[in-house]
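As numbered in this note's numbering, residues 211 to 358 make up the sequence shown, in order. C-beta: ideal position from N, C-alpha, C; glycine also. Step one of this worksheet: look at the structure below.
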Amino acid sequence: MKESLIVLGLLGLVVFLALLQPQFPSVPFQTVALGEESGLRSQEALVITTEEGWQELWERHVSSSRRPPPLPQIDFSTEMVIALFGGSQPEGVLLQITRIEKRPGRLLVHYALSGPACSKCALPTGLVQPFHIIRLERLDLPVVFSRD
């Protein structure tokens, strides 16, 4: 009986502390492009808010493609683009934007850069350039990136 009360008390404390944690609203986004082959070979985190900037970025991104896909249409009067490029990485490395939070005075973009899924697999034989490009509602806030 005494152990049950202790467990219930601890559980109540955990719930109470969780409620004290500030909850920041998530910002929805849509993937424009995600993959492991990009013309951008360096690590870059970009926020694009103009059609001209978007065209320039897309041309750089698809510059190594034999059949480059057409430029996705973005309405920059209401949307913006966030693009993350992981640079040259060993084969099997993945990059993905996981969530975006609207914090006081900024947008916090969380992302994951993970190694090959199998640690016992053969050693990577080449290099990839992982990337994730998203579109979201245009928000006039500074953007900060945080690796999960």
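Relative to T335, the option among E301, Q265, P238, R277 whose CA is nearest is E301. In terms of Cβ geometry, P340 and L305 form a close pair [threshold 8 Å].
Apart from sequence neighbours up to five positions away, the residues of its chain that approach S236 with a beta-carbon distance below 7 Å are R309, I310, E311, ordered along the chain. Shown here for P326: same chain residues with a beta carbon closer than 6 Å to its own, the five before and five after excluded, namely G302 in chain order. With respect to the C-alpha of L294, the residue from R251, R316, Q283, Q233 having the closest C-alpha is R251. Distances from the CA of I307 to each of R357, L349, F234 were compared; the closest alpha carbon is that of R357. The C-beta separation of V242 from V291 comes to about 7 Å, placing the pair in contact by the 8 Å criterion.
For the set W268, P238, F355, E262, the Cα lying nearest the Cα of R316 is the one of F355. Runs of the beta strand (DSSP E) lying entirely within the stretch 237-321 and spanning at least 3 residues, in chain order: 239-245, 253-258, 289-296, 304-313.
For R345, the three-state secondary structure derived from DSSP is strand.
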